[in-house]
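Engineer:
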Amino acid sequence: MATQLKVQVLGVGEIENGTSRNGGAWHRRTLQIWTGEIAGNHSVYADEDTLKNLMPGNYMVDVSPRAGDRGRVEFVITGITPVTPAQEVRKQS
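Just add 175 to wherever you are in the sequence shown, counting from 1, and you've got the numbering used here.
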């Protein structure tokens with residue numbers, strides 16, 4: 176189950192592309208982000224056009240847990256949209 180968070184993107188990395196085991200294409204870009212809940216470098220999986228348009232700023236993201244190496248839990252960002260003016264106002268009140 177995904178959780179939606181507001182994040183500040185501080186920096187963007189290169190776009191990586193690949194093919195999954197079932198033959199589907201995937202696109203990933205690493206973002207340097209900050210929120211009260213998570214900070215650091217996190218991968219975003221989305222279509223290539225969405226990833227190309229990412230730049231520093233405020234975004235709403237969907238964060239989902241997934242199994243990582245050695246039994247640890249990783250968090251993956253699967254949806255990202257720019258923060259709307261209404262969401263900015265909600266933050267200030």
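By construction, the Cβ of each residue, glycine as well, lies at the ideal position given by its N, Cα and C atoms.
Run the CB neighbour count on VAL182, radius 10 Å, all protein chains shown included, and call it buried at 16 or more, exposed below.
Structural biologist: Indexing the sequence shown from 1 puts residue 182 at position 7. Flag for VAL182 reads buried.
Engineer: Near ASN233, which residues of its chain fall below 6 Å by C-beta distance, leaving aside the five closest residues on each side in sequence?
Structural biologist: Taking the sequence shown and counting its residues from 1, the one referred to as residue 233 is at position 58. These residues qualify, in order along the chain: GLN183 and VAL258.
Engineer: Skipping 5 residues on each side, what residues in its chain have a beta carbon closer than 8 Å to that of ALA214?
Structural biologist: Locating residue 214 in the sequence shown gives position 39, counting from the first residue. Excluding sequence neighbours, ALA214 sits near ILE208.
Engineer: By DSSP, does PRO260 sit in helix, in strand, or in coil?
Structural biologist: In the sequence shown, counting from the first residue as 1, residue 260 sits at position 85. Residue state, collapsed to three classes: helix.
Engineer: Per the DSSP calculation, PRO240 is bridged to which residue(s)?
Structural biologist: Here residue 240 corresponds to residue number 65 of the sequence shown, with the count starting at 1. PRO240 is bridged to PHE250.
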